[in-house]
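Student: If you scroll down you'll find the structure; I have some questions about it.
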Amino acid sequence: MTASKILLYICLAFVIGVFSGPFLNFSLAFEIIVALFGMATTFVFWRHQRAVAVGLCLLFFVFGLGRYQVAENKAIDSELLFLNDNGKIVALTGYIVTEPDIRDKSIKLTIAVENLVSGKTAKDITGKVLVTTDRYSNFQYGDRLKIKGDLETPPIFDSFNYRNYLKKDGIYSIMNWPEIEPIGDNVGNKIIKFLFSFKNKFKEATRSFISPPQEGILEALVFGDEQDLSQEWKEKLNLTGTRHIAAVSGMNITITAFLILSFALSLGLWRQQAFFVSILLLSIYILMIGAPASAVRAGIMGFILIAAQYSGRLSVASRAVVFAAAIMIYQNPFILKLDIGFQLSFLAIVGLIYLQPTFSRLLSKIPNPKAFPVRTTLVATLSAQVFTAPILIYNFGYLPILSPITNILIVPFLAPITILIFVFGIICIIFPLAGFLLSWPVWLSLTYIIGIIGWFSQFSFAALTIQNIHWFWLALSYVCLTAFVFYLSRKERLNFLNY
């Protein structure tokens with residue numbers, strides 16, 4: 044057994060330990076005994092690799108359990124949490140740590156709290172509060188504020204657990220329509236402030252030439268910003284399986300990373316040139332959208348996929364993916380269960396790693412011209428969607444039947460259209476008259492996307508609705524997929540030996 048395999052197994056043991064955290068309530072003494080047993084097995088049988096692997100897996104399984112329990116205890120012991128729902132007005136000071144989330148009738152601000160103010164005294168306190176305030180308030184990232192109002196625990200709705208949705212971001216308290224008073228200087232990171240400022244100027248400039256619904260698709264495509272997308276168009280994206288193009292989703296970034304490198308290689312670039320171009324473009328994209336944590340996590344997965352393609356060893360990238368996932372989960376254990384974006388990015392890249400060779404072989408007769416790489420797009424879409432379909436059905440209750448067709452017609456054009464939009468936006472900021480001329484090809488490109496989505500969404504069979512799926516069927520689906528992957532791996536190995 045190689046060292047890389049042992050590393051893979053202990054990473055999986057850690058992840059399983061974190062996943063088991065909410066369900067297993069072992070005493071500290073029992074966990075210590077299991078950890079000591081694992082250490083003893085490792086040291087006593089250090090000459091036997093399998094025994095070492097078992098001992099280390101036991102040790103890291105307990106480590107995973109402990110990491111989740113530490114994170115959960117930290118959440119429960121949050122100082123702000125004790126102020127929730129007590130009916131008293133509290134005054135807090137802090138600063139805005141993310142870009143304001145502008146909604147139709149309100150703005151949501153994520154505040155990193157610094158002090159609890161009582162009269163003329165201030166007590167140091169830490170935590171995050173999600174504040175809902177007036178739609179036309181002029182607050183920016185980094186603004187230091189004093190907020191005064193009722194702290195509440197995030198609610199749990201019948202169809203959506205809003206409390207868990209915020210928990211993955213370390214938010215355990217909300218405050219609706221408080222009194223807000225700006226205080227002090229802006230304390231935000233200068234680079235992040237510049238990126239958000241550029242993003243706002245970009246939106247203002249492009250809105251002068253592009254109107255809805257094209258404008259909503261433009262901002263969703265470039266920035267993952269769905270604020271100007273109507274509910275009707277969000278539903279059409281869901282039905283056609285193209286919602287990933289309108290969000291900074293792990294699945295979107297993973298597929299895009301795969302296609303960027305494949306497209307660069309098809310243009311005749313050397314593998315090293317294509318690698319650096321792909322890394323550069325993906326990095327610029329993540330920075331341009333403000334580098335949110337979800338995009339950074341998905342970007343890391345994308346970088347691993349690009350590196351695996353560059354090295355020509357896509358089949359062994361799974362170990363790097365599991366290792367990266369374990370590091371991310373260690374940093375924030377809640378993303379494993381509560382962050383659908385993280386789940387999709389991980390599953391999409393696993394699908395690309397293991398199913399891409401099979402789909403490439405099955406679809407080898409489909410043409411793959413450089414200008415319109417049908418086969419590459421279809422292979423990437425099917426490989427990712429096979430592995431993400433169960434989690435999408437479980438979370439959203441539908442399966443987009445026409446997704447492969449709509450993605451073939453749209454995904455190959457996303458990279459050039461996105462680049463065109465970036466050039467258009469920058470020109471609009473610098474020289475608006477030239478931006479007017481470029482607005483026509485941008486408008487036509489967005490109209491094409493809207494036309495495809497609108498036409499396919501009108502069919503009654505566009506998506507299969509499957510409601511109230513029990514978690515057992517989700518688990519069974521991935522057991523079957525895992526068994527299928529092992530079968531394919533063994534078949535490939537036998538074919539190689541018989542060559």
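Each residue of the sequence shown is one higher than the one before, starting from 44 at the first, in the numbering used here.
Built from N, CA and C at the ideal position, the CB exists for glycine as well.
In the DSSP output, what is TYR138 paired with across the bridge?
Tutor: TYR138 is bridged to ALA155 and ARG187.
Student: Using the C-alpha atoms, what's the distance from VAL466 back to CYS54?
Tutor: Rounded to whole angstroms, CYS54 to VAL466 spans 42 angstroms at the Cα level.
Student: What are the start and end residues of each continuous beta strand (DSSP E) run of 3 or more residues lying completely inside the stretch 438-500, in chain order?
Tutor: 441-443, all fully within the stretch 438-500.
Student: Please classify TRP220 as buried or exposed, where buried requires at least 16 neighbouring CB atoms within 10 angstroms.
Tutor: It is exposed - the Cβ of TRP220 has fewer than 16 other Cβ atoms within 10 Å.
Student: Pick helix, strand or coil for SER361, following the three-state DSSP scheme.
Tutor: Helix.
Student: Under a three-way DSSP split, which group does VAL230 fall into?
Tutor: In this structure, VAL230 counts as coil in the three-state DSSP scheme.
Student: In whole angstroms, give me the CA-to-CA distance for ASP212 and LEU102.
Tutor: About 28 angstroms.
Student: Give a yes or no on whether the C-beta atoms belonging to LEU304 and LEU238 are separated by under 8 angstroms.
Tutor: Not closer than 8 angstroms, so no.
Student: Report buried or exposed for HIS287, applying the criterion of at least 16 other Cβ atoms within 10 angstroms of its Cβ.
Tutor: Burial call: buried.
Student: Enumerated in chain order, which unbroken segments of the beta strand (DSSP E) with a length of 3 residues or greater are wholly contained in the stretch 216-269?
Tutor: Complete beta strand (DSSP E) runs here, min 3: 222-225.
Student: Drop a sphere of 10 angstroms on the beta-carbon of ALA72, count the other beta-carbons inside from all chains shown, and report buried for 16 or more, exposed for fewer.
Tutor: Burial call: exposed.
Student: How many whole angstroms separate the CB atoms of VAL422 and PHE402, which I take to be in contact at a CB cut-off of 8 angstroms?
Tutor: Confirmed, Cβ separation roughly 4 angstroms.
Student: So is ARG178 buried or exposed if we call it buried at 16+ other beta carbons inside 10 Å?
Tutor: Result: exposed.
Student: Assess, as a yes-or-no matter, whether the stretch 144-153 is touched by the stretch 121-136 under the definition of 3 or more beta carbon pairs within less than 8 angstroms.
Tutor: Cβ pair count under 8 angstroms is below three, so no.
Student: Please return the same chain residues whose Cβ sits closer than 8 angstroms to the Cβ of GLU195, not counting the five positions on each side in sequence.
Tutor: Cβ within range, chain order: ASN127, ASP128, SER216, ILE217, MET218 and ASN219.
Student: Could you compute how far the alpha carbon of ALA351 sits from the alpha carbon of ALA363?
Tutor: Whole-angstrom Cα-Cα distance: 9 angstroms.
Student: In angstroms with no decimal places, state the Cα-to-Cα distance between PHE57 and LEU50.
Tutor: Their Cα atoms are separated by approximately 11 angstroms.
Student: Along the chain, which unbroken stretches of the beta strand (DSSP E) at least 3 residues long are found entirely within the stretch 71-153?
Tutor: Runs of the beta strand (DSSP E) inside the stretch 71-153: 132-139.
Student: What do you get for GLY60, buried or exposed, if any count of 16 or more other CB atoms within 10 angstroms of its CB means buried?
Tutor: GLY60 is buried by the Cβ-count criterion.
Student: Taking 8 angstroms as the cut-off, does the stretch 462-477 touch the stretch 421-439 (at least 3 CB pairs, one atom from each stretch)?
Tutor: Too few Cβ pairs lie closer than 8 angstroms, so no.
Student: Answer with buried or exposed for ASP382, where buried requires no fewer than 16 other C-beta atoms within 10 angstroms of its C-beta.
Tutor: Flag for ASP382 reads buried.
Student: Just how far apart, CA to CA, sit VAL97 and LYS48?
Tutor: The straight-line gap from Cα to Cα measures roughly 12 angstroms.
Student: Can the beta-carbon of GLU224 be found closer than 8 angstroms to that of LEU188?
Tutor: Contact flag set, yes.
Student: Could you give the DSSP three-state label for ILE332: helix, strand or coil?
Tutor: If DSSP states are grouped into helix, strand and coil, ILE332 belongs with coil.
Student: In whole angstroms, what separates the C-alpha of THR249 from that of TRP486?
Tutor: Straight-line Cα distance between these residues: approximately 11 angstroms.
Student: Given this structure, state the Cα-to-Cα distance separating LYS166 from ARG110, to the nearest angstrom.
Tutor: Going by the C-alpha atoms only, they are around 29 angstroms apart.
Student: How many angstroms separate the CA atom of ASN375 from the CA atom of THR424?
Tutor: Cα to Cα, ASN375 sits roughly 29 angstroms from THR424.
Student: For a quick check, are the C-beta atoms of TYR441 and THR525 less than 8 angstroms apart?
Tutor: Cβ distance not < 8 angstroms, so TYR441 and THR525 don't count as in contact.
Student: Comparing alpha-carbon positions, which option in TYR373, LEU308, THR299 and GLY185 lies nearest PHE104?
Tutor: Minimum Cα distance to PHE104 is reached at TYR373.
Student: Pick helix, strand or coil for THR508, following the three-state DSSP scheme.
Tutor: THR508: strand per DSSP, three-state reduction.
Student: Which residues does DSSP list as the beta-bridge partners of LEU173?
Tutor: THR153 and ILE217.
Student: Once you ignore the five residues that flank ALA20 on each side, which residues in its own chain have a CB closer than 8 angstroms to its CB?
Tutor: Outside the shown range of the chain, which is 44 to 542, sits residue 20, and nothing can be said about it.
Student: If you compare alpha carbons, which of SER532, GLY494, LEU517 and LEU489 is closest to VAL265?
Tutor: The candidate whose alpha carbon is nearest that of VAL265 is LEU489.
Student: Exposed or buried, which one is PRO455 when buried takes at least 16 other CB atoms within 10 Å?
Tutor: Classification for PRO455: buried.
Student: Between the alpha carbons of PRO410 and THR419, how many angstroms are there, rounded?
Tutor: Whole-angstrom Cα-Cα distance: 9 angstroms.
Student: At which residues does the alpha helix (DSSP H) containing LYS380 begin and terminate?
Tutor: Where LYS380 is concerned, the enclosing alpha helix (DSSP H) stretches over 378-381.
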